[in-house]
Amino acid sequence: MVNLLISPDFFSAVSRLAPSDQVRANKFVQDFNKNPDSPGINLEKLHGARGQAFFSGRISQGLRAILHQDGEAWVLLHADHHDA
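Numbering follows the working numbering, in which position 39 of the sequence shown is assigned residue number 380; successive positions increment by one, without gaps.
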């Protein structure tokens with residue numbers, strides 16, 4: 342398991358999603374915690390972010406989680422629909 346921290350903002354963002362998307366977001370948290378290198382998570386660096394350690398992770402085809410890596414720890418920051 343990974344050292345995973347979850348921002349209160351992540352929970353707020355997830356609460357605004359449709360119920361089926363909330364289930365997907367919760368599954369993402371569980372899957373990421375077990376293995377952040379899993380191919381289904383598809384981590385991609387965010388270009389143009391304020392730092393080099395911001396990533397997007399695939400919750401589903403249309404949903405993404407925003408994460409920050411701080412050394413060995415990961416912080417889940419936000420979840421929302423993928424930009425077009």
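Beta carbons are placed, not taken as given, at the ideal position from N, Cα and C, and that holds for glycine.
- Proximity to Leu358 across Ser401, Asn383, Ile347, Asn344 peaks at Ser401, based on C-alpha coordinates.
- Residue pairing of Ala420 in beta bridges, as defined by DSSP: Ala406.
- In the DSSP annotation of this structure, Ser356 is not part of any beta strand (DSSP E); the continuous alpha helix (DSSP H) holding it starts and ends at 349-356.
- Residues of the same chain with a CB within less than 8 Å of the CB of Asp411, apart from the 5 flanking positions on each side, are Ala394 in chain order.
- When Glu413, Asn383, His409, Ser353 are compared, the shortest CA-CA separation from Arg391 is found for His409.
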